[in-house]
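Residue numbers (the UniProt record's numbering): 1 to 246. Each residue gets a CB set at the ideal place from its N, CA and C atoms; glycine is no exception. Bear in mind that the values here come from a model prediction, so they are computed numbers and not experimental data.
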């Protein structure tokens, strides 16, 4: 049983996964599509290090260097499951650091409290501590998007305009596209509010390495002297009937 690689439970009336699921150390595919009664994910679920694809609420997710988890339209998930999902997001951002991107989205409108700087609307500003670059691994973002209708043939992506300001008022700016929802993940539709927890390693690379042809050492020292950073988010596809809330 421990060597099981695929577990297909789609369409069943299962309400929760057993805590012993962490014994399936070789599990690479877990199919929970159309399991409308699923309401709980045990903490042990997130220790499945071999898992490479998850299907939940008719959403299939695969990850490698980009690690993605989708819990769209899963309104029955209890508070414990939500806490586990968010805790997993935080750990993956901290563990993976510069080398990977982390994308997690789930139904809901509350940004985790461990995001230090929060604001209503599409712009967030943060004060940078002295010598902040010495331990810099990148920025993680929590974004709430209000959907009216999202269909599986429309791609959804976000853009982030980053601005770093020095004490002298000089500014350094760059844009980064943040992975959102691709049509290949085939959600039937999204409605109401969804939380996106995103970490993009390219933002770290832009600060440390710069664009091709830039002097990386000079660019890094330039950002090191900055004391304030702001990020403005926007939707790349303006035809979608949705808006950024916070």
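Alpha-carbon spacing of residue i relative to residue j, whole angstroms
i, j, result
"residue 136", "residue 169", "22 Å"
"residue 13", "residue 227", "53 Å"
"residue 132", "residue 166", "13 Å"
"residue 173", "residue 230", "10 Å"
"residue 149", "residue 161", "26 Å"
"residue 120", "residue 105", "19 Å"
"residue 238", "residue 6", "39 Å"
"residue 124", "residue 18", "40 Å"
"residue 158", "residue 103", "12 Å"
"residue 183", "residue 236", "Residue confidence for residue 183 is low, a pLDDT of 48 falling below 50, so the modelled location carries little weight; the figure read from the coordinates is stated next. In a straight line, the C-alpha of residue 183 is about 15 Å away from that of residue 236."
"residue 190", "residue 28", "26 Å"
"residue 118", "residue 30", "34 Å"
"residue 134", "residue 127", "16 Å"
"residue 4", "residue 178", "34 Å"
"residue 249", "residue 112", "Residue coverage of the chain in this structure runs from 1 to 246, which leaves residue 249 outside it and unanswerable."
"residue 20", "residue 86", "21 Å"
"residue 35", "residue 116", "35 Å"
"residue 22", "residue 110", "28 Å"
"residue 26", "residue 171", "49 Å"
Three-state secondary structure assigned by DSSP to residue i
i, result
"residue 6", "strand"
"residue 143", "strand"
"residue 38", "coil"
"residue 114", "coil"
"residue 104", "strand"
"residue 20", "helix"
"residue 243", "strand"
"residue 177", "strand"
Candidates the options: closest to residue i by CA position
i, options, result
"residue 2", "232, 24, 8, 111", "24"
"residue 37", "10, 229, 30", "10"
"residue 114", "197, 231, 222, 171", "197"
"residue 194", "225, 142, 176, 237", "142"
"residue 164", "86, 223, 235", "223"
"residue 32", "22, 21, 8", "8"
"residue 242", "175, 177, 122, 110", "122"
"residue 130", "86, 176, 175, 225", "225"
Proximity below 8 Å, CB of residue i to CB of residue j
i, j, result
"residue 233", "residue 240", "no"
"residue 255", "residue 246", "The chain is shown only over 1 to 246; residue 255 falls outside these bounds and no answer can be derived."
"residue 156", "residue 192", "no"
"residue 199", "residue 140", "yes"
Enclosing beta strand (DSSP E) for residue i [first to last residue]
i, result
"residue 232", "226 to 235"
"residue 166", "156 to 166"
"residue 247", "Look at the range of the chain in this structure, 1 to 246, and you will see that residue 247 is not part of it."
"residue 125", "123 to 127"
Residue-level contact to chain B via CB, residue i, 8 Å cutoff
i, result
"residue 22", "No chain B appears in the structure shown, which is made up of a single protein chain."
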